[in-house]
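Listed in order, the protein sequences are those of chains A and B. The first sequence begins at 1 in our numbering and counts up one residue at a time. The second sequence begins at 1 in our numbering and counts up one residue at a time. The C-beta atom is built at its ideal place from N, Cα and C for all residues, glycine as well. Given the structure is predicted, the values throughout are model-derived calculations rather than measurements. Worksheet: the structure to be examined is printed underneath.
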Amino acid sequence: MSFQKSTFHHPRLKVNDLGLTYRDYEGALSTLCAGCGHDSITSAIIQACYELSIEPHKVAKMSGIGCSSKAPNYFMSKAHGFNSVHGRMPSVTTGANMANQALLYLAMSGDGDSASIGFGQFAHVVRRQLNMVYMVANNGVYGLTKGQLAATADKGVKNKAGEISLFNDIDLCSMALQLGASFVARSFSGDKKQLVPLLKAAMSHRGFAFIDIISPCVTFNNHPASTRSYDYVHDHITTAAVTDFIPIKTEITTDCNVGDCEDICLHDGSIMRIKKLDSEYDTRNAHKAIMDIEEHKKKGEILTGLLYFKPTASHFHEINNTCDTPLNQLTQDALCPGARILSGINDSFR
Amino acid sequence: MLTLKKTDTRHYQHFLKVVDCQHACPAHTPVPEYIRLIAEKRYTDAYMLNWQSNVFPGILGRVCDRPCEPACRRTRVEEKPVAICRLKRVAADNKGDISAYLPIIPTEKNGKRIALIGAGPASLTVARDLLPLGYEVVLFERDAKAGGMMRSQIPAFRLPETVLDEELALIIDMGVECHFGEEITSLDKLLHANFDAIFIGTGAPNGRWLKIPNHEKVAKHVDTGISWLANVSFEHIDSAPKRVVILGGGNTAMDCCRTAKRLGAVDVKVLVRSSFAAMKASPWEKEDAAAEGIEIMPNYTPTEYVFKDDKFIGVNFDQVKSVYDKAGNRKLTTTGKTLLVECDLVLVAVGQDTVFPWIEGDLGIKFNEWQQPIVDPMSLQSSLNKVFFGGDAAFGPKNIITAVANGHQAAISIDLFCADKDPLTERPDSSFNLVSQKMGIHEWSYQSNIDHQARNLVPHIDWQQAVKELTAEVELGFDERLALEEAHRCLNCDVHTVFTESTCIECSACEDVCPMDCINFIEGDENSSRNDLVQQFHVKDVNPEQDLLISDKLKTGHIMVKDEDVCLHCGLCAERCPTGAWDMKKLVIDNIGATIK
């Protein structure tokens with residue numbers, strides 16, 4: 001192996017509010033297969049974080065096991081990170097978030113990590129409404145173990161070895177909608193115009209944000225019989241609305257007809273502008289979103305874009321009424337308030 | 001509106017332009033290829049590759065004007081270009097026996113006789129190109145030795161005589177019939193002397209004088225720079241007076257001042273009308289002169305030669321300021337201050353002209369208002385069809401490498417002319433090939449990793465010592481360690497990113513990995529303007545002088561547009577491409593001489 005990425009960059013590269021170029025948000029050079037969709041997701045995350053001027057040390061990159069879960073190594077090398085046991089990323093993230101809610105939790109998982117071994121963990125972290133961005137790089141196969149069909153592979157589809165998927169597939173967006181996620185979107189690694197604004201919105205959202213990202217496995221699932229290949233997705237992708245993310249400081253200009261356009265204010269004051277392509281489209285109806293996903297699937301289409309959004313939802317800390325200050329910033333006095341307070345607590349249980 | 005189409009990759013033009021150093025070299029020397037050979041320590045091969053296109057690698061490796069270096073793509077990502085010129089010298093310094101690689105000169109001649117007038121770089125290039133084809137070449141030179149301005153105007157401390165003699169001998173020994181010390185006084189006579197074609201490469205031998213007051217009185221206190229340098233070179237002058245003033249800011253001025261210092265002058269000043277930055281001399285020549293303790297005084301324009309009691313005492317100057325108008329034209333305005341610089345000798349180095357008193361007016365050779373021959377810029381044929389011009393004689397003072405390029409052009413023209421073909425319309429072109437450099441996974445047959453090291457400085461002899469010796473070469477050249485380090489700085493721009501639409505699956509891997517944001521998958525068609533495309537780029541602030549590589553429509557209807565400007569040729573796009581739609585291919589042009597246009 002003899003290649004590395006030059007530290008030279010375009011001489012006229014723009015810097016963000018922190019004076020950083022997007023190259024400052026890069027991580028190690030990817031060792032995933034050439035052409036892997038996950039690398040495009042990585043690049044979209046880099047772009048989103050750069051554009052939002054996120055300070056890398058205020059980010060925690062969380063992942064489990066799988067090709068997808070290697071990806072956090074390939075962005076923001078100056079951020080915190082935890083590569084957990086297979087399928088256990090949600091618990092570890094919950095623990096981390098409990099201890100320090102000041103960090104932005106960017107979690108990368110895959111179809112195996114979330115829809116198979118970690119399915120229970122996935123369901124519960126959605127229920128808990130943990131304030132995090134939960135991304136699934138969904139390619140429908142287990143690439144790291146040479147292309148067995150994943151639980152998200154469409155029923156009846158063939159893998160590269162010719163094996164047919166016999167069981168019903170799990171739609172993670174439908175699951176997330178059913179379990180009460182406050183931000184649910186589906187996108188495609190090959191469509192950064194859509195993915196980057198969605199990521200920015202998800203990162204700005206306070207609450208549980210889930211994005212299922214179709215990410216073709218170029219080595220094991222890019223064959224003609226696949227429904228997750230670049231060609232198939234390019235041909236079958238559809239969207240009901242185009243999402244634009246307008247950061248808090250930017251002047252809002254109107255470039256679409258009233259009625260086709262919906263502005264949603266996020267917790268931090270930034271705006272998500274939705275341009276409806278389908279007049280029936282509604283960001284506030286989780287039930288309808290589930291129906292829409294199913295209907296498009298029946299037509300052989302992959303519905304992408306923002307599926308559901310509730311900007312005012314409560315998240316885990318609010319529901320539990322936990323302490324706002326990260327634990328590492330609490331002083332000895334606050335953490336260990338003394339025998340009198342302890343006995344008061346004990347008395348409350350009697 | 002200017003519309004854009006898919007880049008024509010069926011011709012070498014797009015690719016040659018991307019190799020900026022090679023494209024900027026008037027002779028289109030394949031720079032990256034010879035630098036790779038140096039990196040492999042194949043010095044002889046590197047030398048021969050140079051010799052093929054620029055004829056004088058040892059000479060040019062020291063005194064070339066280096067149009068390649070400002071063009072070097074390295075300057076787009078860091079401050080300094082690759083030391084291309086000094087690497088050329090490395091090839092020359094370390095080459096082995098090249099005799100086996102020299103062209104074979106046919107013993108049976110083709111019956112055509114060519115006269116060359118002047119033994120400078122242009123004429124000798126014509127000789128080198130025509131002798132292997134069986135031509136008889138007869139050379140006339142007014143000086144006693146070959147070399148032209150390379151001998152008479154470039155001091156030996158920059159270009160040692162041994163280096164000059166060696167490379168001139170390579171050509172003369174191919175069988176040139178030489179007539180040294182024989183000045184042509186009548187072209188008419190030569191036209192009647194049984195030559196099939198005549199090439200005139202007599203340079204620009206007339207130094208310009210400054211006709212300021214008292215000009216007619218100064219006599220021996222003033223000389224033109226080039227005539228003085230020639231006299232030093234031919235050992236007619238071996239000392240300089242104590243105080244010398246040089247007027248002018250070009251390389252001749254730099255050579256004059258440094259030579260004067262070596263011949264015993266103590267107080268040497270260069271006074272120039274322009275600002276220091278706008279001086280015509282190459283930056284490195286200015287640096288070297290300054291290092292040798294020469295005072296360069298910009299913004300002074302000479303007003304008169306000053307005499308006191310009929311004795312020459314010096315030159316008067318007006319201090320001026322350069323003011324540029326909106327069009328970028330310089331205007332000098334005086335500040336009102338004057339300055340008398342006392343001196344014993346004034347060397348005027350303010351330009352030189354072509355002069356053809358020996359070309360009779362009725363021969364049919366037309367001249368323009370500046371007394372330069374009217375020649376076709378491609379064929380170099382004059383209005384008298386068997387007479388060709390090249391080098392400074394054709395277009396006024398330029399540089400050696402331009403003269404060499406002209407030599408190649410003229411040789412092709414003469415060869416066509418002697419075969420009763422039209423030197424303009426029937427010119428041959430070069431064929432080219434793009435050769436994949438892929439060896440295996442992550443393996444390329446060129447150094448694709450980008451070296452981030454800064455430019456190496458060339459070692460030189462001690463400056464104190466340098467000014468004491470007239471012929472000791474100042475620069476020592478790179479040693480092997482420095483040479484190899486410097487060679488690795490080359491970005492291999494001749495290894496091109498070649499794109500095949502039909503295999504692209506639009507996964508964007510190349511776009512994501514490119515360290516320079518060159519690659520863009522965007523919307524566009526044949527009606528899109530360049531600006532339409534650029535506005536969709538990752539980095540929209542592009543260099544308008546650089547070309548774009550535009551693809552045909554891809555499966556989704558998008559197109560791929562690559563901004564060639566800042567590409568590092570690191571091959572990561574090809575490395576990351578899952579389908580081989582990108583490949584790194586080396587441009588190989590077979591007949592470099594014919595690419596000179």
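Contact belief for residue i with residue j at Cβ below 8 angstroms, rounded distance in angstroms
| i | j | result |
| --- | --- | --- |
| V268(B) | I294(B) | 5 angstroms |
| I59(B) | Q153(B) | About 13 angstroms separates the two Cβ atoms, so there is no contact after all. |
| H408(B) | G593(B) | 4 angstroms |
| C570(B) | C510(B) | The Cβ separation is near 12 angstroms, so there is no contact. |
| A240(B) | A219(B) | Not quite, the Cβ-Cβ distance comes to about 17 angstroms (not below 8 angstroms), so this is no contact. |
| S53(A) | A137(A) | With a Cβ gap of about 25 angstroms, S53(A) and A137(A) do not count as contacting. |
| T44(B) | K80(B) | Rounded, the Cβ-Cβ distance is 28 angstroms, inconsistent with contact. |
| A405(B) | A27(B) | 4 angstroms |
| P57(B) | A92(B) | 5 angstroms |
| G201(B) | L116(B) | 7 angstroms |
| D344(B) | R455(B) | About 40 angstroms separates the two Cβ atoms, so there is no contact after all. |
| P311(A) | H234(A) | About 32 angstroms separates the two Cβ atoms, so there is no contact after all. |
| L199(A) | A44(A) | 6 angstroms |
| C49(A) | Y25(A) | 5 angstroms |
| V495(B) | K585(B) | 7 angstroms |
| V77(B) | V513(B) | Contact doesn't hold; Cβ gap of about 17 angstroms is too wide. |
| I401(B) | C21(B) | In fact, because the Cβ distance is near 12 angstroms, the residues do not count as touching under 8 angstroms. |
| L572(B) | K5(A) | 6 angstroms |
Proximity below 7 angstroms, CB of residue i to CB of residue j
| i | j | result |
| --- | --- | --- |
| S189(A) | G66(A) | no |
| H223(A) | K160(A) | yes |
| F312(B) | H221(B) | yes |
| C490(B) | V82(B) | yes |
| S382(B) | P373(B) | yes |
| M203(A) | V133(A) | yes |
| V350(B) | V315(B) | no |
| V126(A) | A181(A) | yes |
| C261(A) | K275(A) | yes |
| L103(A) | K58(A) | yes |
| H315(A) | Q129(A) | yes |
| S68(A) | M108(A) | yes |
| N591(B) | S430(B) | yes |
| V196(A) | Q47(A) | yes |
| F210(A) | A240(A) | no |
| D196(B) | A411(B) | no |
| P134(B) | P106(B) | The sequence given here places Gly at residue 134(B); Pro does not occur at that position. Yes, Cβ-Cβ distance for G134(B) and P106(B) is below 7 angstroms. |
In DSSP terms, what residue i is bridged to
| i | result |
| --- | --- |
| H80(A) | A60(A) |
| F388(B) | F199(B), Q381(B) |
| C261(A) | K275(A) |
| G440(B) | E443(B) |
| A241(A) | K276(A) |
| F75(A) | E26(A) |
| Y324(B) | R330(B) |
| T425(B) | DSSP lists no partner for T425(B). |
Check: Any chance the segment 466–483 of chain B sits against the segment 493–503 of chain B, with 3 or more Cβ pairs inside 8 angstroms?
Finding: no
Check: Taking one C-beta from the segment 535–546 of chain B and one from the segment 6–14 of chain A each time, how about it: are there three or more such pairs within less than 8 angstroms?
Finding: yes
Note to self: For the segment 179–188 of chain A against the segment 293–309 of chain A, do three or more pairs of beta-carbon atoms, one drawn from each stretch, fall closer than 8 angstroms, so that the two count as touching?
What the structure shows: yes
Notebook entry, point to check: Is it true that the segment 166–174 of chain B meets the segment 203–211 of chain B, where meeting means three or more beta-carbon pairs spaced less than 8 angstroms apart?
Noted result: no
Notebook entry, point to check: Enumerated in chain order, which unbroken segments of the beta strand (DSSP E) with a length of 3 residues or greater are wholly contained in the segment 275–320 of chain B?
Noted result: 295–298, 300–308
Check: Is there contact between the segment 82–96 of chain B and the segment 483–497 of chain B, where contact requires at least three CB pairs shorter than 8 angstroms?
Finding: yes
Checklist line | alpha helix (DSSP H) segments (min. 4 residues) lying fully within the segment 168–224 of chain A | finding: 172–178, 192–204
Next item on the list: Could you tell me which uninterrupted beta strand (DSSP E) segments, each at least 3 residues in length, are contained entirely in the segment 187–221 of chain B, listed from first to last along the chain?
Entry: 197–200
Check: Between the segment 19–39 of chain B and the segment 130–149 of chain B, do three or more beta carbon pairs fall short of 8 angstroms?
Finding: no
Note to self: Quick test of the definition: if touching needs 3 or more C-beta pairs under 8 angstroms, does the segment 357–369 of chain B touch the segment 384–396 of chain B?
What the structure shows: yes
Checklist line | the segment 391–402 of chain B in contact with the segment 119–128 of chain B per 3-pair CB rule at 8 angstroms | finding: yes
Next item on the list: At 4 residues or longer, and completely inside the segment 122–191 of chain B: list those alpha helix (DSSP H) runs for me, N to C.
Entry: 149–152, 161–172, 187–191
Check: Curious, which full-length beta strand (DSSP E) runs of at least 3 residues does the segment 104–181 of chain A contain?
Finding: 104–110, 132–138
Check: Do the segment 2–21 of chain B and the segment 542–560 of chain B meet, that is, are 3 or more Cβ pairs less than 8 angstroms apart?
Finding: yes
Margin query: Any contact between the segment 558–574 of chain B and the segment 413–429 of chain B? By contact I mean 3 or more CB pairs, one from each, below 8 angstroms.
Written below: no
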